[in-house]
Amino acid sequence: MAVNPIRRPARAHAHRDPALLGVVFVGGAIGTAIRSLLEDAFAGPATSWPWTTFAINVSGAFVLGFLLEALVRSGEDAGGRRLARLGIGTGVLGGFTTYSTFMVETTKLSWAQGISYVGSSVLLGAIAAWAGIRAAKGLVRIGETV
């Protein structure tokens, strides 16, 4: 029988822990509410470039990249770091950013605008996530509590 050298201590999976599910739920409600308020405050014509959703998704990618890198650099995924990852990362930022609205808005654009919107959203989102990771690497020392 082979022994797994990377054995980790057993702990409850987040999807089976009601308290952690609650943290994600509350965070998601907060993120969704913020996005909805921004979408209402900065609504544009249905057939124009959806700047608000674009800005939300790109900025959310930056913050998520920063958050996850900062948490990884600060220690094990446990306690407050795990709550931050689930509550802010999965919850708030998962509710704040939006793939469904992004796709619905894409269908309202002309073919050329839609291709441009999808391509630039994916490219700038990836660049923003990378920039967030780089920023966290520059600001958070390994082992430093976040």
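Position in the sequence shown (from 1) plus 63 gives the number in this note's numbering. Yeah, the Cβ is synthetic: ideal placement off N, Cα and C, and Gly gets one too. Source: prediction; values computed, not measured.
Checklist entry - What whole-angstrom Cβ distance do ALA106 and LYS171 have, given they're in contact under 8 Å? => result The C-beta distance from ALA106 to LYS171 rounds to 13 Å, too long to meet the 8 Å contact threshold.
Checklist entry - Would you report the Cα separation of GLY154 and GLY94, rounded to the nearest angstrom? => result When only Cα atoms are considered, GLY154 and GLY94 end up about 7 Å apart.
Checklist entry - Which runs of the alpha helix (DSSP H), 4 residues or longer, sit entirely within the segment 86 to 158? => result If we require 4 residues or more, the alpha helix (DSSP H) runs fully inside the segment 86 to 158 come out as 114 to 137, 142 to 147.
Checklist entry - Which residue's Cα is closest to the Cα of LEU202: ALA82, PHE129, ALA104? => result Looking at the Cα atoms, PHE129 is the closest of the given residues.
Checklist entry - By DSSP, does ILE178 sit in helix, in strand, or in coil? => result Helix.
Item to check | Cut-off 6 Å between Cβ atoms - residues of its own chain near PRO113, not counting five sequence neighbours on either side | outcome: Within the same chain, Cβ atoms closer than 6 Å to the Cβ of PRO113 are found at GLU168, the five residues on either side in sequence being excluded.
Next on the checklist: Whole angstroms are fine: how far does the CA of LEU156 sit from the CA of ALA124?
Outcome noted: One alpha carbon belongs to ALA124, the other to LEU156, and they sit about 8 Å apart.
Checklist entry - VAL86 and LEU146 look like a contact to me (Cβ under 8 Å); what is the Cβ gap, rounded to whole Å? => result The pair is a contact, with the Cβ atoms about 6 Å apart (cut-off 8 Å).
Item to check | ILE205 in three-state terms, based on DSSP | outcome: Coil, per DSSP.
Item to check | Spatially closest choice to GLY188 from SER122, ALA82, ILE97, by CA coordinates | outcome: Among SER122, ALA82, ILE97, the Cα nearest to that of GLY188 belongs to SER122.
Item to check | Buried versus exposed call for GLY143 [16 or more other C-beta atoms within 10 Å across all chains shown] | outcome: Classification for GLY143: exposed.
Next on the checklist: Using a Cβ-Cβ cutoff of less than 8 Å, which residues in the same chain neighbour LEU149 once the five nearest sequence positions on both sides are dropped?
Outcome noted: ALA77, LEU83, VAL86, VAL87, GLY90, listed in sequence order.
Checklist entry - Sorted by chain position, which residues of the same chain lie with C-beta nearer than 7 Å to GLY152's C-beta, five sequence neighbours on each side aside? => result Taking C-beta separations shorter than 7 Å and ignoring five residues to either side along the sequence, the partners of GLY152 in its chain run LEU127, LEU130, LEU131, following chain order.
Item to check | Rounded Cβ spacing between ILE119 and LEU101 (contact assumed at less than 8 Å) | outcome: The pair is a contact, with the Cβ atoms about 6 Å apart (cut-off 8 Å).
Item to check | Beta-carbon contacts of MET64 that lie in its chain and below 7 Å, excluding the five residues immediately before and after | outcome: The pLDDT assigned to MET64 is 48, lower than 50, so where the model puts this residue is not dependable; a value taken from the coordinates is nonetheless given after this. Answer for MET64: no residue qualifies.
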